[in-house]
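Just so you know, this note's numbering puts 104 at position 68 of the sequence shown, and the rest follows in order with no gaps.
To start, the structure itself, in structure tokens.
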Amino acid sequence: MEEKHAQDQGSFEEITLVNDAGASIVFQGRVHAENSFYDGETGTLTVQRLYVTSDGHQAYSVVSGAGASKERRAYIIKREGQLCRINNGLFDVTINAADLLTAVKGLCGLQEDARQSDFLGEALGQDQDIAANE
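The following block contains the structure:
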């Protein structure tokens, strides 16, 4: 089975994320959020899942496919103080969390000095007041 997850959002179970870029990523966790979208021009369906691990880290998977072709990517993200360690099953990259947030803001088209609530509101597509209260 490519991915399995708990139906009960409060429980953790062993999850294996198959990864075409490196080793499969195995952890105890549960699905936190997921999103899928279809590109009609290319015929590609993409499914993204964000997981929370039993030890408080995050895992992220992206599966894209068109016809018989499929691409699977998986990452485990660990926050260690002011640093984030990201592993894709092949490489470990450590980056300052503030620098990572600045890069993500740039990719989202936000100014570097945007407040966290601005970033969350834009990223989640929600009103800033709702995002700030989460």
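For each residue, glycine too, the CB sits at the ideal point set by N, CA and C.
Closer than 7 Å, CB to CB, is Ser47 near chain D or not?
No chain D appears in the structure shown, which is made up of a single protein chain.
How many Å lie between Leu86 and Gly145 at the Cα?
When rounded, the distance between both Cα atoms is 22 Å.
Cβ pair Thr80, Ser100 closer than 7 Å
Cβ atoms of Thr80 and Ser100: closer than 7 Å.
Measuring CA to CA, which of Ala133, Ala104, Gly103, Thr82 is closest to Ser97?
Nearest option by C-alpha distance: Thr82.
Buried or exposed for Ala95, please, with buried defined as at least 16 other CB atoms from any protein chain shown within 10 angstroms of its CB.
It counts as buried.
Rounding to the nearest angstrom, what Cα-Cα distance links Leu119 and Gly103 in this structure?
So the two alpha carbons sit approximately 39 Å from each other.
Could you check the C-alpha separation between Ala134 and Glu116 for me, to the nearest Å?
Counting only the Cα atoms, Glu116 lies some 12 Å from Ala134.
Would you kindly report the start and end of the unbroken beta strand (DSSP E) that includes Ala104?
Ala104: not part of any beta strand (DSSP E); DSSP gives it neither H nor E.
Drop a sphere of 10 angstroms on the beta-carbon of Tyr74, count the other beta-carbons inside from all chains shown, and report buried for 16 or more, exposed for fewer.
Tyr74 is exposed by the Cβ-count criterion.
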